[in-house]
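There are 8 protein chains.
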Amino acid sequence: MPKGLKTVAIAALAAVTAAPAAGAQDITATRQLSIHLASEAAQAALAQCTQQGYRVSVAVYDRSGLLRAYLRGDGASPHTYDSATRKAFTAATLGRTTAEVAKRIHENPESAGLANIPGILPLGGGAPIKIGDEVVGGIGVAGAPGGDKDEACSNAGIAKVQDRLK
Amino acid sequence: MPKGLKTVAIAALAAVTAAPAAGAQDITATRQLSIHLASEAAQAALAQCTQQGYRVSVAVYDRSGLLRAYLRGDGASPHTYDSATRKAFTAATLGRTTAEVAKRIHENPESAGLANIPGILPLGGGAPIKIGDEVVGGIGVAGAPGGDKDEACSNAGIAKVQDRLK
Amino acid sequence: MPKGLKTVAIAALAAVTAAPAAGAQDITATRQLSIHLASEAAQAALAQCTQQGYRVSVAVYDRSGLLRAYLRGDGASPHTYDSATRKAFTAATLGRTTAEVAKRIHENPESAGLANIPGILPLGGGAPIKIGDEVVGGIGVAGAPGGDKDEACSNAGIAKVQDRLK
Amino acid sequence: MPKGLKTVAIAALAAVTAAPAAGAQDITATRQLSIHLASEAAQAALAQCTQQGYRVSVAVYDRSGLLRAYLRGDGASPHTYDSATRKAFTAATLGRTTAEVAKRIHENPESAGLANIPGILPLGGGAPIKIGDEVVGGIGVAGAPGGDKDEACSNAGIAKVQDRLK
Amino acid sequence: MPKGLKTVAIAALAAVTAAPAAGAQDITATRQLSIHLASEAAQAALAQCTQQGYRVSVAVYDRSGLLRAYLRGDGASPHTYDSATRKAFTAATLGRTTAEVAKRIHENPESAGLANIPGILPLGGGAPIKIGDEVVGGIGVAGAPGGDKDEACSNAGIAKVQDRLK
Amino acid sequence: MPKGLKTVAIAALAAVTAAPAAGAQDITATRQLSIHLASEAAQAALAQCTQQGYRVSVAVYDRSGLLRAYLRGDGASPHTYDSATRKAFTAATLGRTTAEVAKRIHENPESAGLANIPGILPLGGGAPIKIGDEVVGGIGVAGAPGGDKDEACSNAGIAKVQDRLK
Amino acid sequence: MPKGLKTVAIAALAAVTAAPAAGAQDITATRQLSIHLASEAAQAALAQCTQQGYRVSVAVYDRSGLLRAYLRGDGASPHTYDSATRKAFTAATLGRTTAEVAKRIHENPESAGLANIPGILPLGGGAPIKIGDEVVGGIGVAGAPGGDKDEACSNAGIAKVQDRLK
Amino acid sequence: MPKGLKTVAIAALAAVTAAPAAGAQDITATRQLSIHLASEAAQAALAQCTQQGYRVSVAVYDRSGLLRAYLRGDGASPHTYDSATRKAFTAATLGRTTAEVAKRIHENPESAGLANIPGILPLGGGAPIKIGDEVVGGIGVAGAPGGDKDEACSNAGIAKVQDRLK
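Protein chains in written order, with numbering that gives the first Met the number 0: chain A, 0 to 165; chain B, 0 to 165; chain C, 0 to 165; chain D, 0 to 165; chain E, 0 to 165; chain F, 0 to 165; chain G, 0 to 165; chain H, 0 to 165.
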């Protein structure tokens, strides 16, 4: 696709999604991560953790709740599939890091119910993927010795594709 | 159905359900929300949240634990199906708002087990639907930034049909 | 409750449910089996099978898909819970015997998908419970040596309460 | 949103989605049913079946596998939630009617495995929702006496919004 | 069976179960609740709660983890099946009341994991059924306004059959 | 336990279980496989298959539907846990070999529903464990190249303990 | 790792795994796909299908039943996650293509139970990954118009890494 | 297999697994518990608990998350299957005792999410099985009166095979 046409399309999309959801709209348009981008982010997150000697799984979800990419590094523990995918889903659907979700629950016990929603995992290591302020997905890492270390790898994955998130 | 006959039926129903459950009764009668009412309440709750810019899901359950209506607004996050339906179910089956359930668990840790019952979600946003003191269903909203905002939309849904809940 | 009032209530109910579902109705009324009736039917079905030396489970569902009564006879095999409850649910929700459902699937392979619906078990032994033509529940028996023998016990359960199904 | 801008956006979208998935694309755009359209289609399908005296559930899924609208008509049997939602999901994800899926399995036994995929229900009553040749969702109806009757109501739902599916 | 023979059998059973589990034993014998006893206890618990105006479900499990009897009283909320059966299972498998389990978890947070075991519900209302010190089952009630009130009904169920638990 | 006492106990048990289930009995007694026997049968089945070069899993269930012993041989494929345990459960609860169950379903399509009961696996390799005519459990093997070969190993497991099944 | 040492290790491994499973062995060694290889195979399979205009998901499992890599191509239908992962698992655990499994079930109805084992999907599109005769994993593709087309992409994935499978 | 060859193989393995996961490796090698070892450890753990009069279940998982051995002792409560297997899985996948996991969650509430990962049970009684510092599996015991007593039996199981874990 010619670069110019794509720019127009994305501009048009922005207009569409900015339109008021006034009930008059029949078809909406949503921006989605390509597998190209999702896979590259996952590879970068895995590389970062592997380089540091951490044996991890990495997952990327899109905004519709569909798993786009999953990679289990060599020697990653069995539970890291469930852990990485849930962190990625949580970040994508709540639009914040899973460490923030965990902190919010700890500081506000009446929101503890959040952890009972299927797929939600309030445990550090997941981060939302954004185009500006719009959440378009989430990435999650599991298996490093601590949620902050998992999250650093997630951030490395996002950093790798950051300049193309537009 | 002629209006008059319906009034008689409902009056008779009230008599039936007020009768002592003394074991001598073979067939009981229960009042159920019509899809007409359930759908209208769900639409009103969604409209209220949409108007405020919140991207939410709305669910209505009847007293038998059956989902009657579900609407996912444009752009609502994936987890809002599970969250809205569980809030509605919780309000319908426990007969109180989900915020009250969350508060009760927080203040009385020995009732924490409530959150382990399948389908129960102690998180603000759900409210019971009543005819007088009789719980006939529940409505739940998820996706607004805070349980109180979800609950306000649920209340808007109930308000829309309140005068016909009799 | 005085007999007379009950008769009126039920007559009124019949009028309500016979009314066209034209969207103008806000609250509907449904007739439900009492636990009195459900339990008695289950006991009778179990007694019939026990007398014949069959070790069975018996289940009764109402029209809303709620289990009302379950009895596991002495020595009934573990799987009979799943089998009896699913037969009862199938009869209640499809409104015909489970043997008829099995036959229909066998004779019309394109309806084989019926068996893939959660809770549906196309295996003889379940029968609907009716008030006239109106299905108000289902009963299922499992553990006898053959679906026809299971169904005979289900029928014995219904026969016990037949004259009060009105 | 001004009509003209929307036309541009959709045209641009068509260009985006027609572009070769050559790995060079970072963000893709997808057209989604609005809740406005999904809800209207569901209401129309329910009205059609209700008018004919069928007690049914209706479900609409989008192309991402998210439930958008669900309505349980008065008196619809308990299993109709699972049946209607699975028919709608099947039509949306496979892009054909569920009757066609059932026929294909019947005529080609080696494809019987299709029925083992979670969420797939090869039973008449579901139909894809399309913009031209592009599948953007699915609608499913359950509870009428026969898959062809369920499908007729699904088609009534699509017909109601057909001219706006563009 | 003649009374005398039965006495011998039970005495013999006691001897069998008292034998050291030294690996030399090939077949063991266990005492089980009859459906006669289980059903009677469930009926008594339901009657007690009904008399007090509580709309509840009652469940009885045996020591092998099999549901023996379940009764849903008229008007009991949908969640009471899950709640009553889990309370009964918890009491049967842990050998103490569910209120004690809840208290233990509250006082000893490192045992909070107990609540994560499938089927375990730490919420008042369940009680073990014993022959002397030997746990042979559990009963659970759900739906009354408070775990203590549920438990009182469970106790009424046990009291009804107490003198035959030998 | 002295041999003589045990004989008496078992004889008494036989009397108890032979008694008519006439409702007059409060506590019943059941014979259960000891872990001693279950484990030995599993080891023998595994040894037989291993000797023939088959990489298998072996499972033993008791009559109450509880898993008593499970062994995964070196190199057995992942699915063999589910396959072996379900074959053992099927044989224990239906009281016949899983090859017989598969044949019965094939010859009598209207009993196809059997395969839809949770835990039932109609696939050769499982066999009931009996004391005379009384089914006291089941054993299942999975992973050999063919159900008949799996069943031969199951039979070797039973043969090992046959003379103590009394 | 120096090439030479690796060769020794693998040779030693071959010796280990060739040793009779005579019970005398305490620790065994298994060869596992690296994420390097798994990911490359998945990318190649996806590229092949994308080039042909098919919108698919690709999954790679190892011999232990762990998902190693998953990629959802742009526009792949929702069900393709379940379909691709199950095809890959089936091929890995049964050691043959899923088309062969489907054919075997069709030709030998008494083996139909295979399809009831959790995770087994008898539908063309999956292929085992082997080192010589040793199955070390499986790859599965879903979303192309026909199982043979899915399988062709799976084969392209294997072909990409074939010469390093040693 | 000659002892010498095995030593070489294991030495080579150590070299392989110590190699940097630099992406250049195609096939990795992992050390696995043999069923010989797993079964012996389980038997020893069960014997220890039985000797002390505790009625328990014992489970052993390998590092891939596969159950290798399970034994339910005579009279062990129904829930001990779920409890023992989850403790063993938790210890194997997290590489520490389940008591340590419970303590960590208690002392650091923001890690409470750990308990929400499927299969993770933070309750004393499980212990990792190691070869030096390398976690190769986990063992779990459930049913003794207290997690410390369960853990003591797990430790007895490991002690039995300790000198062969190399």
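Glycine included, every Cβ here is placed at the ideal spot set by N, Cα and C.
- Interface residue (Cβ-Cβ distance to chain C less than 8 Å): E/Ala-87 is not classified as such.
- Interface annotation, F/Ala-41: not in contact with chain E, CB-CB separation never under 8 Å.
- Within chain F, no C-beta atom comes nearer than 9 Å to that of E/Gly-118; the closest sits roughly 13 Å away.
- In this structure, C/Leu-36 places its C-beta atom within 8 Å of the C-beta atom of C/Arg-163.
- Counting C-beta pairs with one atom in each stretch, the region 74-83 of chain B and the region 25-34 of chain C have fewer than three that are closer than 8 Å, which means they do not touch.
- C/Asp-149 sits away from C/Gly-118, with the two beta carbons spaced by 8 Å or more.
- Restricted to the region 21-86 of chain A, the alpha helix (DSSP H) segments that are unbroken, complete and at least 4 residues in length are 34-50, listed in chain order.
- The alpha-carbon of G/Lys-102 is positioned some 17 Å away from that of G/Phe-88.
- Taking 8 Å as the upper bound for CB-CB distance, F/Ile-157 and F/Ala-126 are in contact here, some 6 Å apart.
- Within the same chain, and ignoring the five residues on either side of C/Ala-58 in sequence, the residues whose Cβ sits closer than 6 Å to its Cβ are Tyr-69, Ala-83, Thr-84, Ala-87, Gly-139.
- Between C/Gly-136 and C/Arg-54 the beta-carbon gap is near 24 Å, outside 8 Å, which marks them as no contact.
- Here C/Gln-47 has Ala-151, Cys-152, Ala-155, Gly-156 as same chain residues with Cβ atoms under 8 Å from its own Cβ, once five neighbours each way along the sequence are excluded.
- For the pair D/Lys-159 and D/Glu-39, the CB atoms are nearer than the 8 Å cut-off.
- Take B/Ile-34, set aside five residues on each side of it, and the residues of its chain with a beta-carbon closer than 8 Å to its own are Arg-67, Ala-68, in chain order.
- Nearest neighbour of F/Ala-75 by Cα position, chosen from F/Ser-56, F/Glu-109, F/Gly-146, turns out to be F/Ser-56.
- Judged by DSSP in its simplified three-state form, G/Gly-124 adopts coil rather than helix or strand.
- Residues of chain D with a Cβ closer than 7 Å to the Cβ of C/Leu-113 are, in chain order, Leu-122.
- Close to D/Asp-132, with beta-carbon spacing below 8 Å, lies no residue of chain B; the smallest spacing is near 24 Å.
- Judged by their CB atoms, B/Asn-115 and E/Ala-114 are nearer to each other than the 8 Å cut-off.
- Contact annotation for H/Gly-64 against chain A: Pro-77 [CB-CB distance below 7 Å, chain order].
- Exclusion of the five residues before and after F/Ala-41 leaves Val-57, Ala-58, Val-59, Ala-68, Tyr-69, Leu-70, Ile-138, Gly-156 as the residues of its chain whose Cβ lies within less than 8 Å of its Cβ.
- Where C/Glu-150 is concerned, the enclosing alpha helix (DSSP H) starts and stops at 146-160.
- Interface annotation, G/Asp-73: in contact with chain A, CB-CB separation under 8 Å.
- In this structure, the beta-carbon distance from B/Leu-65 to C/Gly-64 falls below 8 Å.
- For C/Ile-138, there is no enclosing alpha helix (DSSP H); the enclosing beta strand (DSSP E) has its first and last residue at 133-141.
- Rounded to the nearest whole angstrom, the CA to CA distance from B/Glu-106 to A/Gly-131 is 40 Å.
- Around the Cβ of C/Gly-145, a 10 Å sphere holds fewer than 16 other Cβ atoms; the residue is exposed.
- F/Thr-97 is positioned such that its CB atom lies closer than 8 Å to that of F/Pro-121.
- Per DSSP, E/Arg-95 lies in no alpha helix (DSSP H) segment and is marked neither H nor E.
- Under DSSP, H/Lys-129 forms a beta bridge with H/Val-134.
- Residues of the region 23-35 of chain G with a Cβ closer than 7 Å to any Cβ of chain A, in chain order: Ser-33, Ile-34.
- By the rule that beta-carbons nearer than 8 Å mark a contact, A/Ser-38 touches chain G.
- In this structure, the alpha-carbon of A/Pro-77 lies about 10 Å from that of A/Ala-141.
- In this model, B/Val-100 and A/Gly-112 are separated by some 10 Å (Cα to Cα).
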